[in-house]
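Structure, as structure tokens:
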Amino acid sequence: MNATFDISAVVAVLATLMMITRPSAVHGLLYLTVSLLAAALVFFVLGAPFAAALEVIIYAGAIMVLFVFVIMMLNIGDAAALLESAWLKPTAWIGPGLLALLLAIELVGLAASGGIAHPAGAIVSAQTVGIALVGPYMLAVEIASFLLLAALVAAFHLGRAVMRVS
51 MNATFDISAV VAVLATLMMI TRPSAVHGLL YLTVSLLAAA LVFFVLGAPF
101 AAALEVIIYA GAIMVLFVFV IMMLNIGDAA ALLESAWLKP TAWIGPGLLA
151 LLLAIELVGL AASGGIAHPA GAIVSAQTVG IALVGPYMLA VEIASFLLLA
201 ALVAAFHLGR AVMRVS
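Spelled out as structure tokens, the structure:
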């Protein structure tokens, strides 16, 4: 368990550092996806499989689609299309692919060994998360949803402004 946690944490940190240092937004998104998947594996190892599933479904899935949508809106024009095709060369996938392969090997190793033995009471159930989201954390969840909506509206208006200037 400690090795799985350590490797996942290192992959998450490396992918996050690569995401921050990439000049291309598309490359940054690739590394961010790997970072989110590594964080999900860390949650799983720590005894929160439901939080790990939410991390994959919501962040690595839905939020990444939103980011790709925003990048597509903001990269308007022929010059941006040429630049985007240059960004998506196969060499751009080597780093994120290797880190994701390391995570996949880790996950297969966990499954082959019969999973992780969690101490009693360490697993967080879906019911506990649901009760917390509609109970004491309801206001925080609603504020987060409003912030995401505001970010989407701002990206739409920024994209329209950039399109008018082009």
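Residue 124 in my numbering is what sits at position 74 of the sequence shown, and the numbering runs on without skipping anything.
We put the CB at the ideal spot given by N, CA and C, even for glycine.
Only a predicted model underlies this, so the values are computations on that prediction, with no experimental measurement involved.
Supposed close pair residue i, residue j - CB separation, criterion 8 Å
i	j	result
V84	A142	Contact doesn't hold; Cβ gap of about 13 Å is too wide.
L138	V76	7 Å
Contact under 8 Å by Cβ, residue i with residue j
i	j	result
V120	A59	no
L152	L91	no
M114	G209	no
V95	T54	yes
F93	A176	no
L116	L202	yes
Cβ neighbours of residue i in the same chain (closer than 7 Å, five flanking residues each side left out)
i	result
A89	A62 and E105
L183	V191
Cβ-based neighbour list, residue i, same chain, cut-off 6 Å, excluding 5 preceding and 5 following
i	result
R72	G78
Y81	A65, M68, M69 and P146
Closer than 7 Å: residue i CB and nearest the ligand NAP heavy atom
i	result
L197	The ligand NAP is not part of the structure shown, which contains no ligands of any sort.
Contact set for residue i: own chain, Cβ-Cβ below 8 Å, skip 5 residues either direction
i	result
V179	F100, A101 and L104
I155	none
Q.
For the pair the segment 59 to 73 and the segment 85 to 99, tell me if three or more CB-CB distances fall below 8 Å.
A. yes
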